[in-house]
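**Q** Chains A and B, in that order, are what the protein sequence lines are.
Just so we're aligned, residue 1054 is where the first sequence starts under our numbering, counting upward by one.
Just so we're aligned, residue 1175 is where the second sequence starts under our numbering, counting upward by one.
My questions will all concern the structure given below.
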Amino acid sequence: MTNNYYEFFCPVKVIAGKSALEHLPYELTGLAAKRPMIVTDKGVRAAGLLDPVISACEESGLEIVSVYDDVPPDSSTSVVRDIAGVYRQEKCDSIIAVGGGSAIDTGKAVNILVSEGGDDIARYSGAGILKHPLKPFFVIPTTAGTGSEVTSVAVITDESKGVKLPFTSSFLLPNAAIIDPRMTLTLPPHITAATAMDALTHATEAFTCMAKNPLSDAYATAAIRKVSQSLVAVMDNPKDTDGRLELAQASTMAGIAFSNSMVGLVHSLGHATGAICHLPHGLCMSLYLPYVLEFNLETIREPLGELLLYLEGPEVYSATPAARRAEASISAIRKLRDALYKRCELPRTLKETGKVLESQLESIARLALDDGSIMFNPREVSLDDAMAVLRRAWA
Amino acid sequence: MIAKRLQPMASHARRSYVELMFQVMGRALQAISEVDETTRTETRELPEGFLFEMQVMPNGPKLIVEHTGDGRLHFHGDQAPRPVDLSIQFKHIAHAFLVLSFQEKTSVAFANDRMLVDGDISYAVRMTRVLNRLESFILPKLVAERAVKEYPANLKLPEKLINAARIYLKVASNFVETVRA
Ligand SMILES: [Fe+2]
């Protein structure tokens, strides 16, 4: 492997653990930010998750100037423009995104507009368009899965054209990600399960796809161990603060892993299924993960076998003959899916979702072939291959 | 000292090789789009008049092909008749050389950040599959296995075309020897 080459980049400060939120005012002040704006959604507000954030700031004499709590699940260019308008009107000087993938992506996009100027976010779509650092930006995730707090990507829907605009730049990364177990404590069981499976998929694909590298491998394996050790425990005891923190950290670590080594066919199929059948992303990941690993098996036998150590622990790993470890890793993931099904009925097949028609499989397969992540899948995927995986995932 | 003196020659040879391979690939892309149905099922999805470019940054060698309809590709040399729709850009001639001398798979080169995509990513994904298909045609099986993710099971092209392409390749591999030495 003399041609081996990789890049690894993650300049996000991670502030994690008990009372992490209370570090926010210090971090803001450190960047001379005095008038922060919160970007969030109605669910976060209703769950009372803004209260600890706002009081943490107020106790340090820092006033949150504005709260925008109307980010939709699929954020759009007009939402971004509206929020930028409020930001300017209120003379804000920094952004705090509180929420899941959509709120975080919206925060990133708003930061582009308020830093670079103008009302048309579409102008900045693409890779490498931004040339300067943006305004101080902080992210407080309230789900443990997307890893958006450490990725340099945002996706915003342009509803007038009906397309999703991608934005890629390292300047989109927040100055810090604040991981506080209080923020995920009230996450409902099925969202806890689905988002954790998203994190597990990020780590597994990062570890088995073409752009894997030693640094991202370290993050990926650590993330897999945390999800395997804590997910079922948290499902049984949702108020388990330590377990919640483990899952939140796993999500961030998996995010660091995949943003440096990409994802593969699970995501290609998942993105296509999300677009056509409107299923949540994490659920799609959970649906496809074992079947895609089976499809890739012979190409990824070695790394997949290694993952058994992190999925099942040293005893099972050493008791399993090397030649059987890859299959055992897939079984471990299936076992986890069964455990989640038992606890919150997280569907394991497309049929179990009740939202996918068998007649839609072909259009899902076709759309998946156009997805950027398919490029990094270790095996070449034809239409027939994609259909075969979908049929296995059907029932 | 010697290395210093030899450097310009090596890099000149590398550039010539990349230029030549772009010529080979451009013609071969046009050829397989005329005879290979599998390629055409990919290229047919491109808009008519779609211009695809591969280029070495900042102003290096180029390859431009156009989709003229029904999956057929037309090779334009290094001159685009109008602004291109999709550009795949190598960050450095050395990276283009790695890929075009089949030392690094196209998809690995993407994974390794050797190149950038300017344009719709779904078209880039499609063109990468076409390039993989092309490489498995024109290369001997042994080399092709190194260059593409998977060697297709269903290669059925007129022997003549494959041979013609391989002749180009022979010329090209002489350059590799020169530069690698
Ligand atoms: Fe994901």
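Glycine residues also receive a C-beta, built at the ideal position from the N, C-alpha and C atoms.
Small disclaimer: the values here were computed from a predicted structure and weren't measured.
(1) Can you tell which of A:1282, A:1310 and A:1299 has the C-alpha that lies nearest to the C-alpha of residue 1260 (chain A)?
(2) For residue 1427 (chain A), go through chain B and note every residue whose CB falls closer than 7 Å to its CB, in chain order.
(3) Does the stretch 1243–1262 of chain A come close enough to the stretch 1207–1223 of chain A that 3 or more CB-CB pairs lie under 8 Å?
(4) Let me check you understand the geometry: is the CB of residue 1323 (chain A) closer than 8 Å to at least one non-hydrogen atom of ligand 1?
(5) What residue does the beta strand (DSSP E) around residue 1092 (chain A) start on, and which one ends it?
(6) Kindly say whether residue 1424 (chain A), judged by its beta-carbon, lies nearer than 9 Å to any beta-carbon of chain B.
(7) With a 10 Å radius around its C-beta and 16 neighbouring C-beta atoms as the bar for buried, classify residue 1448 (chain A) as buried or exposed.
(8) Determine, using beta carbons only, whether residue 1121 (chain A) and residue 1104 (chain A) come nearer to each other than 9 Å.
(9) Between the C-alpha atoms of residue 1107 (chain A) and residue 1189 (chain A), what's the straight-line distance to the nearest angstrom?
(10) Take residue 1295 (chain B) as the anchor and find which of B:1269, B:1202 and B:1226 has the nearest alpha-carbon.
(11) Taking the alpha carbon of residue 1446 (chain A) as the point to measure from, which residue in A:1429, A:1426 and A:1414 has its own alpha carbon closest?
(12) Between which two residues does the alpha helix (DSSP H) carrying residue 1136 (chain A) extend?
(13) Taking residue 1380 (chain A) as part of the alpha helix (DSSP H), name the residues at either end of that continuous run.
(14) For a test of your reading of the model: does the CB of residue 1254 (chain A) fall under 8 Å from any non-hydrogen atom of ligand 1? Yes or no.
(15) Between residue 1288 (chain B) and chain A, is any beta-carbon pair separated by less than 9 Å?
(16) Is the stretch 1337–1346 of chain A close to the stretch 1297–1314 of chain A, with three or more CB pairs under 8 Å?
(17) Thinking just about the alpha-carbon of each residue, which of A:1433, A:1441 and A:1442 is nearest to the one in residue 1307 (chain B)?
(18) Please tell me whether residue 1187 (chain B) has its Cβ less than 9 Å away from any Cβ of chain A.
(19) My assumption, with CB atoms under 8 Å, is that residue 1303 (chain A) sits in contact with residue 1067 (chain A). Please give the rounded CB distance.
(20) Kindly indicate if chain A contains any beta-carbon less than 9 Å away from that of residue 1218 (chain B).
(21) Can you have a look at residue 1376 (chain A) and say buried or exposed, based on whether 16 or more other CB atoms are within 10 angstroms of its CB?
(22) Tell me the rounded alpha-carbon separation between residue 1267 (chain B) and residue 1287 (chain B).
(23) Distance check for residue 1148 (chain A) and residue 1160 (chain A), CA to CA, integer angstroms please.
(24) Going by beta-carbon coordinates alone, are residue 1339 (chain A) and residue 1424 (chain A) separated by less than 9 Å?
(25) Measuring alpha carbon to alpha carbon, tell me which residue in A:1088, A:1317, A:1384 and A:1100 is nearest residue 1237 (chain A).
(26) I'd like to check one pair, residue 1263 (chain A) with residue 1429 (chain A): are the Cβ atoms closer than 9 Å?
(27) Tell me which same chain residues have a C-beta within less than 8 Å of the C-beta of residue 1110 (chain A), skipping the five on either side of it?
(28) Given this structure, state the Cα-to-Cα distance separating residue 1061 (chain A) from residue 1381 (chain A), to the nearest angstrom.
(29) Alpha carbon to alpha carbon, what distance is there between residue 1426 (chain A) and residue 1182 (chain A)?
(30) Let me make sure I understand the geometry here. Which of A:1138, A:1131 and A:1112 has the alpha-carbon closest to that of residue 1119 (chain A)?
(31) Please go through the stretch 1245–1305 of chain B and give each complete alpha helix (DSSP H) segment of 4 or more residues, from N-terminal end onward.
(32) Is residue 1063 (chain A) close to chain B? Criterion is C-beta to C-beta, closer than 9 Å.
(33) If you check the beta carbons only, do residue 1065 (chain A) and residue 1093 (chain A) fall under 9 Å apart?
(34) Within 9 Å of any Cβ in chain A, is that where the Cβ of residue 1233 (chain B) sits?
(35) Taking a contact to mean a Cβ-Cβ separation below 9 Å, would you say residue 1328 (chain A) touches residue 1306 (chain A) in this structure?
(36) Below 8 Å between beta carbons is the criterion; list the residues of the stretch 1153–1186 of chain A that meet it against any residue of chain B, in chain order.
**A** With the given structure in hand:
(1) A:1310
(2) 1299
(3) no
(4) yes
(5) 1089–1092
(6) yes
(7) exposed
(8) no
(9) 17 Å
(10) B:1226
(11) A:1414
(12) 1130–1142
(13) 1378–1397
(14) yes
(15) yes
(16) no
(17) A:1433
(18) no
(19) In fact, because the Cβ distance is near 13 Å, the residues do not count as touching under 8 Å.
(20) no
(21) exposed
(22) 14 Å
(23) 7 Å
(24) no
(25) A:1100
(26) yes
(27) 1077, 1078, 1081, 1089, 1116 and 1117
(28) 30 Å
(29) 21 Å
(30) A:1138
(31) 1267–1274 and 1280–1285
(32) no
(33) no
(34) no
(35) no
(36) 1179, 1180 and 1181
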